[in-house]
């Protein structure tokens, strides 16, 4: 008898979870930037408005509709990323400290730098006259864009954009937390570059203080003129390839009201420089709001969670009885040891010597993730355990591209009809 009950529902649930995350990331990111910059702070930032007119409600509604379609495409690719990860085809891992915190930081930086290169060259590609109408025209329908245009793509552009992440996960080991930070940053930068207000700081010469970063003016000029300024995060690809618009710095100086700032009283000058601090504050606040999706863990409750999971559990059909407790070397993690089997001849010789569930790491409230070893076949699964109640566990392990196994385990004490002596075994 197998450990799990074969089920399609787990894959379906994952697909809906990924879709919900992509939709919420867009709605919170683009909506948060719009509400904060375009509504709440429009009076403070009125001198930094790049164009005199604003996007119409009809245009923004159209942008939202097409962005939702893009989010569905992103979620579809995200589902296949999950499937590939179940088979260890990608270098995606749970514990952000697995390769050290230095690599954790470097991995985020690498994701951004590589994505900037991917974005620049694919962006130039779809601006080719034979591809533009097919792949990129929808985005440029927003001639004067709003933050909601961040995902307003044609189908082809959405697919091309989404391919970056699975490809980079083949090359680089990336933690789930680093991936989350990268995708939130990508969403916020994208929305900020379409907000129509210049929120990046200027230096004393009227140029961007961090001139190697793209600004709102940089991308707005791309929408206004339809050529040049192809970069997403950085300006160096445009400068290296000669595609930065020659009027960029002049337009930026006009957007930050530089001449007025130089000739006005000190208080006016400080208002002109307020944009960068506003941008950073908005990015931080919206990012923190969106971070409820992140796989965060409260370390203070780890011990309580370990204790709640510890004990003796019975599988469906009473095929196996397993004892959970803190791992010997890492007490904040949980291991599961086989204690009793219905048919001793059905399990492998090493099943009694190794943990059946190994290095379970808490990834959320009452949720654990780690390795599950099948005692009959010795196959190793990427498994997830959810504690539904004090006496009920739900275990899930993927065994095929579209099939996952799921089973409900119950605490031995909650099954008085099961004899307590069953799990005693002397291998």
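In the numbering used here, the protein residues as written are 439 to 865. Note that CB positions come from ideal geometry on N, CA and C, so glycine has one too. Owing to the predicted nature of the structure, the values given are computational and were not obtained by experimental measurement.
Alpha carbon to alpha carbon, what distance is there between residue j and residue i?
i           : j           : result
residue 599 : residue 560 : 8 Å
residue 621 : residue 853 : 45 Å
residue 610 : residue 476 : 37 Å
residue 760 : residue 452 : 27 Å
residue 483 : residue 681 : 29 Å
residue 789 : residue 809 : 14 Å
residue 617 : residue 805 : 20 Å
residue 829 : residue 519 : 33 Å
residue 831 : residue 508 : 36 Å
residue 683 : residue 586 : 24 Å
residue 556 : residue 823 : 37 Å
residue 595 : residue 564 : 8 Å
residue 660 : residue 667 : 6 Å
residue 629 : residue 674 : 21 Å
residue 493 : residue 515 : 31 Å
residue 469 : residue 552 : 27 Å
residue 530 : residue 756 : 34 Å
residue 750 : residue 533 : 27 Å
residue 455 : residue 614 : 15 Å
residue 777 : residue 771 : 19 Å
residue 472 : residue 747 : 44 Å
residue 505 : residue 573 : 14 Å
residue 558 : residue 459 : 26 Å
residue 496 : residue 583 : 12 Å
residue 569 : residue 833 : 47 Å
residue 448 : residue 827 : 19 Å
residue 397 : residue 500 : What the structure shows of the chain is the stretch from 439 to 865, and residue 397 is not part of that stretch, so it cannot be assessed.
residue 685 : residue 537 : 44 Å
residue 602 : residue 811 : 33 Å
residue 754 : residue 633 : 55 Å
residue 657 : residue 800 : 41 Å
residue 712 : residue 541 : Because residue 712 carries a pLDDT of 46, less than 50, the predicted location of this residue cannot be relied on, and no value is offered for it.
residue 688 : residue 672 : 18 Å
residue 785 : residue 794 : 11 Å
residue 837 : residue 813 : The pLDDT assigned to residue 837 is 48, lower than 50, so where the model puts this residue is not dependable, and the model offers no usable value.
residue 461 : residue 851 : 42 Å
residue 791 : residue 798 : 18 Å
residue 766 : residue 522 : 31 Å
Please classify residue i: does DSSP put it in a helix, a strand, or coil?
i           : result
residue 823 : strand
residue 848 : strand
residue 614 : helix
residue 686 : helix
residue 530 : strand
residue 537 : coil
residue 854 : coil
residue 604 : helix
residue 671 : coil
residue 635 : strand
residue 488 : coil
residue 831 : strand
residue 626 : helix
residue 549 : helix
residue 563 : helix
residue 647 : coil
At what residues does the alpha helix (DSSP H) containing residue i begin and finish?
i           : result
residue 515 : 495 to 524
residue 677 : 674 to 679
residue 659 : 654 to 663
residue 460 : 447 to 471
So residue i packs on residue j, CB below 8 Å; how close in whole Å?
i           : j           : result
residue 678 : residue 652 : Between residue 652 and residue 678 the Cβ distance is about 14 Å, and since that is not below 8 Å, they are no contact.
residue 576 : residue 591 : 6 Å
residue 467 : residue 626 : 5 Å
residue 646 : residue 690 : 6 Å
residue 457 : residue 503 : Actually they do not touch by this definition, with Cβ atoms about 16 Å apart.
residue 758 : residue 779 : 5 Å
residue 608 : residue 546 : Rounded, the Cβ-Cβ distance is 18 Å, inconsistent with contact.
residue 664 : residue 578 : 6 Å
With a threshold of 8 Å between beta carbons, is residue i in contact with chain D?
i           : result
residue 633 : Although the question refers to chain D, the structure presented lacks it and comprises just one protein chain.
Mind pulling the beta strand (DSSP E) runs of 3 or more residues that sit fully within the segment 743 to 813? Segments of the beta strand (DSSP E) lying fully in the segment 743 to 813: 749 to 752, 758 to 764, 772 to 779, 795 to 802, 805 to 811.
Which complete alpha helix (DSSP H) runs does the segment 573 to 597 hold, if anything under 4 residues is left out? With a minimum length of 4 residues, the continuous alpha helix (DSSP H) runs that stay inside the segment 573 to 597 are 575 to 578.
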